[in-house]
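See below for the structure under consideration.
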Amino acid sequence: MSSDGDANVSPAAADADGASAEADPVLAVDDLRKRYDDTVALDGVDLAVADGEFVAVVGPSGCGKSTLLRVLSGLEAEFGGRVAVDGTDVRDGGSDAVGMVFQEPRLLDWADLRENVAVGLPADVDPDAPAARELVGDLIETVGLDGFADSHPDELSGGMAQRVALARGLAYDPSVLLLDEPFSALDRLTKADQQDHLLDVWEARGTTVVLVTHDVEEAVYLADRVVVLGGQPGTVEAVVDVDVDRPRERAAPDLVALRREVTAALGR
Ligand code: ADP
Numbered sequence: 001m002s003s004d005g006d007a008n009v010s011p012a013a014a015d016a017d018g019a020s021a022e023a024d025p026v027l028a029v030d031d032l033r034k035r036y037d038d039t040v041a042l043d044g045v046d047l048a049v050a051d052g053e054f055v056a057v058v059g060p061s062g063c064g065k066s067t068l069l070r071v072l073s074g075l076e077a078e079f080g081g082r083v084a085v086d087g088t089d090v091r092d093g094g095s096d097a098v099g100m101v102f103q104e105p106r107l108l109d110w111a112d113l114r115e116n117v118a119v120g121l122p123a124d125v126d127p128d129a130p131a132a133r134e135l136v137g138d139l140i141e142t143v144g145l146d147g148f149a150d151s152h153p154d155e156l157s158g159g160m161a162q163r164v165a166l167a168r169g170l171a172y173d174p175s176v177l178l179l180d181e182p183f184s185a186l187d188r189l190t191k192a193d194q195q196d197h198l199l200d201v202w203e204a205r206g207t208t209v210v211l212v213t214h215d216v217e218e219a220v221y222l223a224d225r226v227v228v229l230g231g232q233p234g235t236v237e238a239v240v241d242v243d244v245d246r247p248r249e250r251a252a253p254d255l256v257a258l259r260r261e262v263t264a265a266l267g268r
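By UniProt numbering, the letter at position 176 of the sequence shown is numbered 176, and the numbering carries on one by one without gaps.
Following this line, the structure appears as C-alpha cells:
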C-alpha cells in the first residue's frame, strides 16, 4: 500500500482515537453485552470501524471473539447494547452487509472455482447472468487465481483455497468483511504470502476489514488498529494504533515495539 495519502489510505489510520472512529462508522458497536445463562461473554464492548479501515481484534481463548463475530454476522439476536452496520441494526438486516471468511475455506468439493465464488453472490443474482459472470471472473483475477476458474478445490493448495474463500466473501460486496483466523491453518511462508495478498486486495478494493486473530504479529503487520479483548467477561483491554506506513517491514523496530505493546496488553 502506498503511504502518500492516496484515496485508498484508511481515513481513520492517521488520527483514530482508539475505540471511536470518525462520524458514521461503517461498523458501530456500542456497549455490547452478551450473556449465556450464567456466563457473561462480553461486557460493555465498544468498537467503531471507519470506511476502508483495517482493524484487528486479538484476545485469548474465551474472551468472546467468537461471540462478537456471531453478533456481527447476525447469528445472535439476544444481546444488550447496539450493533449496527451502515447505520442499520444487525437485528434489522444490518448483518446482511457483513461478509465472512472463516479459518477453513469451506469450499464445495464438487464445484469448480467459479461456482464456489458465485456462492457468495447475493441471493437475488443469477450467477449465469453476464454481469454476474463478469464479476466472478474479476474477483478470481483480484485474488490472483486467473486461469483457475475451472479448477476444483482438490487441485488447489491451502493458500489458493483460502483465496477462493476471500473472493467468495467479496462477491456479496459487503460493507464489512469479517475474517475469522483466516490464515491460522497455513504454514508460515504461505501465511506471510496470503497476508500480503490480503493487503493488496484490501488496498485495491477499499474494503472495510475486521480480522480476528490469535497472532499478534499478524495483527500488527496488517491492521491500522489493534483492539485487544481480554478478561472474562470479555471487554476491550486496549486499543493500539499502528501508525506505520505501508508497505511495512515485519521486523522493523516500530512494529516490534507495537507487537510488545499488544502482547503486554494481552497479559502474556
Ligand atoms: P473465544 O472465541 O474468544 O474463545 P467465545 O466467544 O467462544 O470466546 O466464548 C466466550 C465465553 O462465552 C466463554 O466463557 C464461553 O465458554 C462462553 N460461551 C460461548 N458460547 C456459549 C454458549 N453457546 N453457551 C454457553 N456459554 C458460551
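Cβ atoms here follow ideal geometry from the backbone N, Cα and C, with glycine treated the same way.
Here the structure is a predicted model, which means the values were calculated and not measured.
Under the criterion of a Cβ to heavy atom distance below 7 Å, does S73 qualify as lining ligand 1?
-> Proximity of the beta carbon of S73 to ligand 1 is not indicated: no heavy atom of the ligand is located closer than 7 Å.
Anyone know if the C-beta pair for A28 and G64 falls short of 8 Å?
-> Taking a C-beta distance under 8 Å as the contact criterion, A28 and G64 do not qualify as a contact pair.
Between which two residues does the beta strand (DSSP E) carrying V212 extend?
-> Unbroken beta strand (DSSP E) run through V212: 208 to 213.
Excluding sequence positions up to five away, which residues of its chain have a Cβ less than 7 Å from the Cβ of G267?
-> Here G267 has G230 as same chain residues with Cβ atoms under 7 Å from its own Cβ, once five neighbours each way along the sequence are excluded.
Output the distance between the C-alpha atoms of V176 and A252, rounded to the nearest integer angstrom.
-> Near 29 Å, if we compare the C-alpha coordinates of A252 and V176.
Pull up the distance between the alpha-carbon of S184 and that of L211, whole angstroms please.
-> Rounded to whole angstroms, S184 and L211 show a C-alpha spacing of 12 Å.
Sufficient close CB pairs (3 or more, under 8 Å) joining the region 113 to 129 to the region 78 to 89 = Touching, no.
Beta-carbon contacts of L121 that lie in its chain and below 8 Å, excluding the five residues immediately before and after = These residues qualify, in order along the chain: P127, A132, L135, V136, A171, Y172.
Are P25 and V55 closer than 8 Å when you measure CB to CB?
-> No, they are not a contact pair.
Tell me whether the beta-carbon of I140 lies closer than 8 Å to the beta-carbon of L113.
-> If you check the CB distance, I140 and L113 come in under 8 Å.
Helix, strand or coil at L255 according to DSSP, with G and I counted as helix | Note: L255 maps to helix in three-state DSSP.
Where does G94 sit, in a helix, a strand or coil, going by DSSP?
-> Assignment of G94 by DSSP, reduced to helix, strand and coil, places it in the helix class.
In terms of DSSP beta bridges, what is Y36 paired with?
-> Partner(s): T39.
What residues does ligand 1 have around it, judged by CB closer than 5 Å to any heavy atom, in chain order?
-> Cβ atoms closer than 5 Å to ligand 1 belong to Y36, T39, A41, S61, G62, C63, G64, K65, S66, T67.
Work out the CA separation of F148 and S66 for me, nearest whole Å.
-> For S66 and F148, the distance between alpha carbons rounds to 32 Å.
Can the beta-carbon of T190 be found less than 8 Å from the beta-carbon of G159?
-> Yes.
Three-state secondary structure (DSSP) at A264?
-> In the structure shown, the three-state DSSP call for A264 is helix.
Reducing DSSP to helix, strand and coil, say where A48 ends up.
-> Per DSSP, reduced to three states, the secondary structure at A48 is strand.
Whose C-alpha, out of R205, P182, A204, D243, is nearest the C-alpha of D215?
-> For D215, the closest C-alpha among the options R205, P182, A204, D243 is that of P182.
Name, in chain order, the residues that DSSP records as bridge partners for L178.
-> According to DSSP, which records beta bridges pairwise, L178 is partnered with M100, V210.
In or out: L108 buried (at least 16 other Cβ within 10 Å) or exposed?
-> Its Cβ having fewer than 16 others within 10 Å, L108 is exposed.
Identify whether L113 lies in helix, strand or coil by the three-state DSSP scheme.
-> In the displayed model, L113 falls within a helix according to three-state DSSP.
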